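Student:
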Amino acid sequence: MDPTTQAFLAAVIGAVVAGGAVLAWAISDRQQHQLPTHEEPVVPAGVATVLSVLRSSAVVVDDADVVLKASAPAYALGLVRGTRLVADDLAELVRQVRRDGQIRETELVMSRAGVPARHVTARVAPLGSRLVLALVEDRTRERRVEEVRRDFVANVSHELKTPVGAIRLLAEAMHEAAEDPTAVKRFAARMLIESDRLAQLVQQIIELSRLQADDPLEAPSAVGLDDVIAVAVDTSAIDADSKRIQILTAGTSGLQVFGNEEQVTAAVSNLVANAVSYSEPDATVLVTTKVDEGSVEISVVDQGIGIPPDEIDRIFERFYRVDPARHRSTGGTGLGLSIVKHVAATHGGEVRVWSVEGQGSTFTLTLPQYFGATSKEDINQEELP
1 MDPTTQAFLA AVIGAVVAGG AVLAWAISDR QQHQLPTHEE PVVPAGVATV LSVLRSSAVV
61 VDDADVVLKA SAPAYALGLV RGTRLVADDL AELVRQVRRD GQIRETELVM SRAGVPARHV
121 TARVAPLGSR LVLALVEDRT RERRVEEVRR DFVANVSHEL KTPVGAIRLL AEAMHEAAED
181 PTAVKRFAAR MLIESDRLAQ LVQQIIELSR LQADDPLEAP SAVGLDDVIA VAVDTSAIDA
241 DSKRIQILTA GTSGLQVFGN EEQVTAAVSN LVANAVSYSE PDATVLVTTK VDEGSVEISV
301 VDQGIGIPPD EIDRIFERFY RVDPARHRST GGTGLGLSIV KHVAATHGGE VRVWSVEGQG
361 STFTLTLPQY FGATSKEDIN QEELP
């Protein structure tokens with residue numbers, strides 16, 4: 001090989017070596033300056049499927065406190081907004097679980113502007129090495145039911161204590177006045193009044209407890225409203241006569257509703273009794289009936305003291321009285337409107353109230369109408385081939 005060829009090959013080899021060195025340096029420099037790739041955590045498919053069918057509010061959070069997955073109830077409850085947890089207490093609990101990997105469970109009160117506070121229980125657990133799962137149960141309804149039950153027991157104890165205590169005092173007074181026939185008769189008459197009040201209270205508590213069992217009507221049947229209203233008016237006749245109150249009836253006669261006669265009678269009787277109790281002497285109470293699109297409306301109108309606007313939402317609470325001092329003198333229990341409300345609910349109806357303080361009130365009980373032999377069910381059956 002001549003010297004010229006040797007020199008050419010040497011130059012080519014040198015160029016290749018130099019090019020390789022430059023390429024190796026470029027690759028090394030690029031690798032040194034390239035940002036490390038960050039593998040995003042992924043929610044396992046099985047977890048996502050389970051969250052989609054849970055009734056609980058479920059949220060999966062990554063190591064940057066970003067919500068990767070949340071169930072529909074979580075959004076409905078207001079736990080998540082965008083990709084962040086709204087509740088600061090829950091977010092802090094998630095961070096604690098991420099630090100030590102320990103499962104934690106606690107009760108939280110979530111409050112937002114314009115929304116009533118909600119009581120929840122949260123259970124937070126690690127899900128793998130980088131994810132955290134939070135399960136939240138809304139316990140607001142259970143808390144409210146527990147409060148109602150506690151208030152109910154306290155109110156029943158208080159209401160029972162009044163007539164029982166009065167009967168005991170009257171019995172002691174009778175014993176001390178045994179030699180005075182006039183005093184004995186007076187105390188005995190008073191004891192009869194208190195015992196009747198006690199019996200009425202116990203009966204209404206039993207009736208309300210039965211209605212609140214949420215059991216459907218066992219054997220609903222046609223209930224004639226003419227007879228129901230007649231019984232309701234007769235039940236309050238003595239109280240009305242003592243105050244010279246006139247009870248009038250008007251509207252469509254011969255109407256029937258579908259339900260339980262005893263319960264419907266109790267509801268209407270309570271409405272009429274309330275109207276008489278809260279009306280001034282020489283007033284008028286009007287009971288009317290009419291049909292409205294397959295339902296029957298029974299309205300009781302009084303000219304009584306009326307209901308303050310801020311108390312209308314509370315009048316159906318158990319033992320609640322618009323005027324406690326006045327109504328206690330009439331022997332009321334504060335359970336009448338609660339019974340009306342539950343009768344309406346068990347019969348698929350509703351009860352409404354209109355009232356102006358100082359002018360009177362109108363209570364309207366709406367119940368499904370009974371159509372007799374040509375009921376809607378019979379018509380539908382006749383149309384079937």
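Using my numbering, the letters of the sequence shown map in sequence onto residues 1 to 385. Idealized CB from N, CA, C, for every residue including glycine. It should be emphasised that the depicted structure is a prediction, and the values quoted were computed from it without experimental measurement.
1) According to DSSP, is Ala188 part of a helix, a strand, or is it coil?
2) At the level of alpha carbons, what is the spacing between Asp282 and Asp302?
3) Can you tell me where the beta strand (DSSP E) with Leu387 in it begins and where it stops?
4) Would you report the Cα separation of Val386 and Val164, rounded to the nearest angstrom?
5) Just to confirm before moving on: does the CB-CB distance between Val228 and Val276 stay below 8 Å?
6) In the DSSP output, which residue or residues are listed as bridge partners for Ile298?
7) Return the Cβ separation of Val272 and Val300 in integer angstroms, given the expectation that the two are a contact with Cβ distance under 8 Å.
8) DSSP on Lys341, reduced to helix/strand/coil?
9) Using the Cβ count rule (16 or more neighbours within 10 Å means buried), how would you classify Gln369?
10) Check this for me: beta carbons of Arg104 and Val124, under 8 Å apart or not?
11) Compute the distance between the beta-carbons of Leu133 and Leu127, then report whether it is under 8 Å.
12) Quick check: what's the CA-CA separation for Gly360 versus Asp196?
13) Quick one: what's Gln468 bridged to in DSSP?
14) Would Lys341 be called buried (16 or more neighbouring beta carbons within 10 Å of its own) or exposed?
15) Leaving aside the five residues before and after Ala91 along the sequence, list all residues of the same chain whose C-beta is less than 7 Å from its C-beta, in chain order.
16) Could you check how far apart the C-beta atoms of Val291 and Leu255 are, in whole angstroms? I think they sit under 8 Å.
17) I believe Leu79 touches Ser57 by the beta-carbon criterion, under 8 Å. Please report the beta-carbon distance rounded to the nearest angstrom.
18) Taking the alpha-carbon of Ile305 as reference, which of Gly224, Val356, Thr364, Arg55 has the nearest alpha-carbon?
19) Evaluate His347 with the Cβ neighbour count: other Cβ atoms within 10 Å of its Cβ, from every protein chain shown; 16 or more gives buried, anything less gives exposed.
20) Tell me whether Glu176 is buried or exposed, calling it buried when 16 or more other Cβ atoms sit within 10 Å of its Cβ.
21) Does the distance between the C-beta of Val268 and the nearest non-hydrogen atom of the ligand ADP fall short of 7 Å?
22) Below 8 Å on the Cβ atoms is my contact criterion, and I expect Glu137 with Thr121 to pass it. Report the Cβ-Cβ distance as a whole number of Å.
23) Does DSSP put Asp180 in a helix, a strand or coil?
24) Can you look up Thr83 in the DSSP assignment and give me helix, strand or coil?
25) Put Thr235 into one of helix, strand or coil per three-state DSSP.
26) Applying the 10 Å Cβ sphere with the 16-neighbour rule, what's the burial state of Glu194?
27) If you check the beta carbons only, do Val264 and Leu367 fall under 8 Å apart?
Tutor: Working from what's here:
1) Position 188 of the sequence shown, counted from the start, is the residue given in the question as residue 188. Note: Ala188 maps to helix in three-state DSSP.
2) Here residue 282 refers to the residue found at position 282 when the sequence shown is read from its first residue. Here residue 302 refers to the residue found at position 302 when the sequence shown is read from its first residue. Their Cα atoms are separated by approximately 12 Å.
3) The displayed coordinates of the chain run from 1 to 385. Any statement about residue 387 would go beyond what the structure contains.
4) Since the displayed the chain opens at 1 and closes at 385, residue 386 lies outside it and no answer follows.
5) On the sequence shown, position 228 is the one that residue 228 refers to. On the sequence shown, position 276 is the one that residue 276 refers to. For Val228 and Val276, no; Cβs fall outside 8 Å.
6) Position 298 of the sequence shown, counting from 1, holds the residue named residue 298. For Ile298, which the question treats as bridged, DSSP gives the partners Thr289, Leu365.
7) Residue numbering aside, residue 272 sits at position 272 when the sequence shown is read from its first letter. Residue numbering aside, residue 300 sits at position 300 when the sequence shown is read from its first letter. Right, the Cβ-Cβ distance comes to about 6 Å (below 8 Å), so this counts as a contact.
8) In the sequence shown, counting from the first residue as 1, residue 341 sits at position 341. Three-state DSSP puts Lys341 in a helix.
9) Working through the sequence shown from its first residue, we reach residue 369 at position 369. The residue in question, Gln369, is buried, as its Cβ has 16 or more Cβ neighbours within 10 Å.
10) Here residue 104 is taken as the residue at index 104 of the sequence shown, counted from 1. Here residue 124 is taken as the residue at index 124 of the sequence shown, counted from 1. Yes.
11) Position 133 of the sequence shown, counted from the first residue, corresponds to residue 133. Position 127 of the sequence shown, counted from the first residue, corresponds to residue 127. In this structure, the beta-carbon distance from Leu133 to Leu127 falls below 8 Å.
12) Position 360 of the sequence shown, counted from the first residue, corresponds to residue 360. Position 196 of the sequence shown, counted from the first residue, corresponds to residue 196. Near 28 Å, if we compare the C-alpha coordinates of Asp196 and Gly360.
13) Residue 468 lies beyond the stretch modelled for the chain, which goes from 1 to 385, so this question has no answer here.
14) For the purposes of this step, residue 341 is taken as the residue at position 341 of the sequence shown. Label assigned to Lys341: buried.
15) By 1-based counting over the sequence shown, the position of residue 91 is 91. For Ala91, the CB contacts under 7 Å within the same chain, skipping 5 residues up- and downstream, are Asp65, Leu85 in chain order.
16) Counting from 1 along the sequence shown, the entry for residue 291 is found at position 291. Counting from 1 along the sequence shown, the entry for residue 255 is found at position 255. Confirmed, Cβ separation roughly 7 Å.
17) If you number the sequence shown from 1, residue 79 lands on position 79. If you number the sequence shown from 1, residue 57 lands on position 57. That pair is a contact at about 6 Å.
18) Numbered from 1 along the sequence shown, position 305 holds the residue referred to as residue 305. Ranking the options by Cα distance to Ile305, first place goes to Val356.
19) Here residue 347 is taken as the residue at index 347 of the sequence shown, counted from 1. When all chains shown are included, His347 counts as buried.
20) Against the sequence shown, residue 176 aligns to sequence position 176. The residue in question, Glu176, is exposed, as its Cβ has fewer than 16 Cβ neighbours within 10 Å.
21) Among the ligands in the structure shown, none appear at all, so the ligand ADP cannot be discussed.
22) The residue labelled residue 137 in the question sits at position 137 within the sequence shown. The residue labelled residue 121 in the question sits at position 121 within the sequence shown. Indeed they touch by this definition, with Cβ atoms about 5 Å apart.
23) Counted from its first residue, the sequence shown places residue 180 at position 180. The DSSP-derived three-state label of Asp180 is coil.
24) In the sequence shown, counting from the first residue as 1, residue 83 sits at position 83. Looking at Thr83 - three-state DSSP - the assignment turns out to be coil, as it is neither helix nor strand.
25) On the sequence shown, position 235 is the one that residue 235 refers to. The answer is helix: DSSP assigns Thr235 an H, G or I state.
26) As a working mapping, residue 194 is identified with position 194 in the sequence shown. Burial call: buried.
27) If you number the sequence shown from 1, residue 264 lands on position 264. If you number the sequence shown from 1, residue 367 lands on position 367. A contact, by the Cβ cut-off of 8 Å.
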